[in-house]
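Just so you know, the sequences run in chain order A, B and C. Using my numbering, the letters of the first sequence correspond one by one to residues 699 to 879. Using my numbering, the letters of the second sequence correspond one by one to residues -2 to 239. Using my numbering, the letters of the third sequence correspond one by one to residues 20 to 104.
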Amino acid sequence: MGFPAHTDGAALRSLMQKIDKGEQTGIRDQIVVDLYRKAHELCADTVTYKDRKKLMETYKLDRILTSRVWGFPIMLAMLGVVFWLTIAGANVPSSMLAGFFGRIEGYLTAAFQALHAPDWLHGILVLGLYRGTSWVVSVMLPPMAIFFPIFALLENFGYLPRVAFNMDRLFKNPAATASRH
Amino acid sequence: MSTYRVALIGNPNTGKSTLFNALTGLRQHTGNWAGKTVVRAEGEYEYNGHTYNVIDLPGTYSLFSNSVDEEVARDYIVLDRPDVTVIVLDATAMERNMNLALQVLEMTSRAVVCLNLIDEAGKLGIEIREQLLAEKLGVPVVKISARNKQGITELLRQIENVAKRRIVPKPVQVKYSEEIERRIQELEPEVRRLIGDDYPARWIALRLLDGDDSIIAALERRLGANASQTKEMIADGLSCAH
Amino acid sequence: MSSSPLVSLMDAATGQRIRLASIQVQGVLRRRLLDLGFVPGAVIEVLQASPLGDPVAYRVNNTTIALRREERERIFGEICKEDGE
Chain A
699 MGFPAHTDGA ALRSLMQKID KGEQTGIRDQ IVVDLYRKAH ELCADTVTYK
749 DRKKLMETYK LDRILTSRVW GFPIMLAMLG VVFWLTIAGA NVPSSMLAGF
799 FGRIEGYLTA AFQALHAPDW LHGILVLGLY RGTSWVVSVM LPPMAIFFPI
849 FALLENFGYL PRVAFNMDRL FKNPAATASR H
Chain B
-2 MSTYRVALIG NPNTGKSTLF NALTGLRQHT GNWAGKTVVR AEGEYEYNGH
48 TYNVIDLPGT YSLFSNSVDE EVARDYIVLD RPDVTVIVLD ATAMERNMNL
98 ALQVLEMTSR AVVCLNLIDE AGKLGIEIRE QLLAEKLGVP VVKISARNKQ
148 GITELLRQIE NVAKRRIVPK PVQVKYSEEI ERRIQELEPE VRRLIGDDYP
198 ARWIALRLLD GDDSIIAALE RRLGANASQT KEMIADGLSC AH
Chain C
20 MSSSPLVSLM DAATGQRIRL ASIQVQGVLR RRLLDLGFVP GAVIEVLQAS
70 PLGDPVAYRV NNTTIALRRE ERERIFGEIC KEDGE
């Protein structure tokens, strides 16, 4: 294991310095071109496309999703549906959760009374801590449990890159041409 | 019983992580590459009584050190030299993926090519003759669908073959333009003399030619960690160089 | 095959196929483009422009890649005549 004793990075470096800097870009280009030529040659020999039409079908869908006419309406409609599903869909589970937590709160209060706990303790723990937490959970959890999976689904279908393609210009302009990525 | 190191490499979105999960299941942990903000996912599986440590390298389009991801992947294959490198290709975009495969095969001969998303490719009417491809590439080629756990057994078998050196692949080398080949021939013996046979001399000669000094820096870092004596030599060399 | 004059990608219309001749982008982006298959000699197809006109999608190696104006201006090639294929 390890390097041979005579390994020497500096020697490599000086080897490299013998090569002209300007030439290196050209060499890199040629290397990539040759790599691709070989890759194409290999694929031409071993890969057959039986059905060119099928391959083009995904492009057909892209053409609609990012078209001048339909690109933005579809995007807004999708966003609308996602929000509607999130808000409307969350209502029912939200109120169910709220009801469920409310019932537990009843039991908790009864338990505190049975134990003759002081009022301030009941106030802090049940009316404050418990009620606050359960309210947040019942309001926040259902929308999150709906919104994020839907978004993950859109991402899976590859719709989000199309959105980025549609909107790229809107987000690019303020930053002018200065930076990329 | 021995332990082998297996690296997964491929373009982004080739289902490399799906394969990683299929191989290692819950036996995995993630962290970061030392000093880098690149996620390092590691896991392990057992096959025929041997343990295989799998490392999921960052997904990259090439290995020319254009980004930290590419450097991490490249350094691992060239310097850490895993026992087997599994090159995961997206069977639906072969040309682009093949480009990376050819680059990896310049760095290591201990590789298995794995054509993922083969079910998807079938649906699109793409047919790949993997036997012929294996002959042309000089390494084992396995068709899989990581998502449907298809072909995994065959992949495990081929990984074992390469790990145990039952198969010693002789990967195809890209032939560059005459000019570049001539210069490689000049450089390669010199490089081999300097770094020994443990590292891919032809590939390093190519990097010298295209001016990629990050690989030399990486070699030096590794060197410094390995032998403090040579470290001084490098320091001398560096001050000379500037 | 007659060699037609070089045009930048800005002058290519949707649906046209272009044989790339030179890439005048520099730095990391240049290497990225090369890695994606924008290499001299490659034939790429103009798929379509974004609704706002700016990024334009191209097909390279069976993959869709979108390029912004700054990149398109600096990539040159010749338009392939429609023949069979």
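All C-beta atoms, glycine included, are put in the ideal place defined by N, C-alpha and C.
Residue 13 (chain B), buried or exposed, once every other Cβ within 10 Å from all chains shown has been counted against 16: buried
Cβ-Cβ separation, residue 75 (chain C) to residue 62 (chain C) (assumed contact under 8 Å), whole Å: Not really, about 16 Å apart at Cβ, beyond 8 Å.
Helix, strand or coil: which one does DSSP assign to residue 870 (chain A)? helix
To the nearest angstrom, how far is it from the Cα of residue 172 (chain B) to the Cα of residue 732 (chain A)? 7 Å
At a Cβ cut of 9 Å, what residues of the stretch 61 to 78 of chain C count as close to chain A, listed as they run along the chain? 61, 66, 67, 68, 69, 70, 71, 72, 73, 74, 76 and 78
Beta-carbon separation of residue 48 (chain B) and residue 39 (chain B) under 8 Å? no
How far does the beta strand (DSSP E) with residue 41 (chain B) in it reach, from first residue to last? 36 to 44
Min CB distance residue 56 (chain C) to chain B below 8 Å: yes
Determine whether the beta carbon atoms of residue 45 (chain B) and residue 3 (chain B) lie at a separation below 8 Å. no
Interface partners of residue 710 (chain A) on chain B, CB under 8 Å: 188, 191, 192, 201, 205, 213 and 216
Is residue 136 (chain B) near the ligand GTP, with its Cβ less than 7 Å from a heavy atom? Questions concerning the ligand GTP fall outside what the structure shown contains, since it holds no ligand whatsoever.
For the beta strand (DSSP E) that residue 49 (chain B) lies in, which residues bound it at each end? 47 to 53
If you drop the 5 nearest sequence neighbours on each side, which residues of the same chain put their C-beta closer than 6 Å to that of residue 135 (chain B)? 166, 167, 168 and 169
CA-to-CA distance, residue 140 (chain B) to residue 33 (chain C), given in whole angstroms: 36 Å
Residues in the same chain with beta-carbon distance under 6 Å from residue 68 (chain C), minus the five sequence neighbours each way, listed in chain order, please. 75
Pair within 8 Å by beta-carbon distance, residue 741 (chain A) and residue 92 (chain B): yes
Closer than 8 Å by C-beta to residue 768 (chain A): which residues in its own chain qualify, once you throw out the five before and the five after it? Chain order, please. 762
Interface partners of residue 85 (chain C) on chain A, CB under 8 Å: 863 and 866
State the Cα-Cα distance for the pair residue 800 (chain A) and residue 816 (chain A), rounded to the nearest angstrom. 21 Å
Quick check: the stretch 106 to 115 of chain B against the stretch 83 to 97 of chain B, are there 3 or more CB pairs under 8 Å? yes
With three or more beta-carbon pairs closer than 8 Å as the criterion, would you say the stretch 143 to 162 of chain B touches the stretch 196 to 206 of chain B? no
Taking only the alpha-carbon atoms, compute the straight-line gap between residue 819 (chain A) and residue 831 (chain A) and give it to the nearest angstrom. 16 Å
Of the residues B:155, B:142 and B:102, the one placed nearest residue 11 (chain B), counting alpha carbons only: B:142
Beta carbon proximity, residue 33 (chain C) to chain B, threshold 8 Å: no
Buried versus exposed call for residue 798 (chain A) [16 or more other C-beta atoms within 10 Å across all chains shown]: exposed
Going by CA-CA distance only, name the one from C:27, C:37 and C:29 that's closest to residue 100 (chain C). C:37
Could you check where the beta strand (DSSP E) with residue 7 (chain B) kicks off and where it finishes? 0 to 7
Is it right to say residue 77 (chain C) is buried, meaning 16 or more other beta carbons lie within 10 angstroms of its own, or is it exposed? buried
At the 8 Å Cβ level, is residue 173 (chain B) part of the contact set with chain A, yes or no? yes
Just curious, the alpha helix (DSSP H) that residue 789 (chain A) is in, first and last residue? 769 to 812
Locate the beta strand (DSSP E) running through residue 140 (chain B), then write down its first and last residues. 138 to 140
Note down, in chain order, all residues in the stretch 33 to 53 of chain C with a beta-carbon under 7 Å from any beta-carbon belonging to chain B. 47, 50 and 51
Residue 732 (chain A) touches chain B at which residues, Cβ-Cβ below 7 Å? 171, 173 and 174
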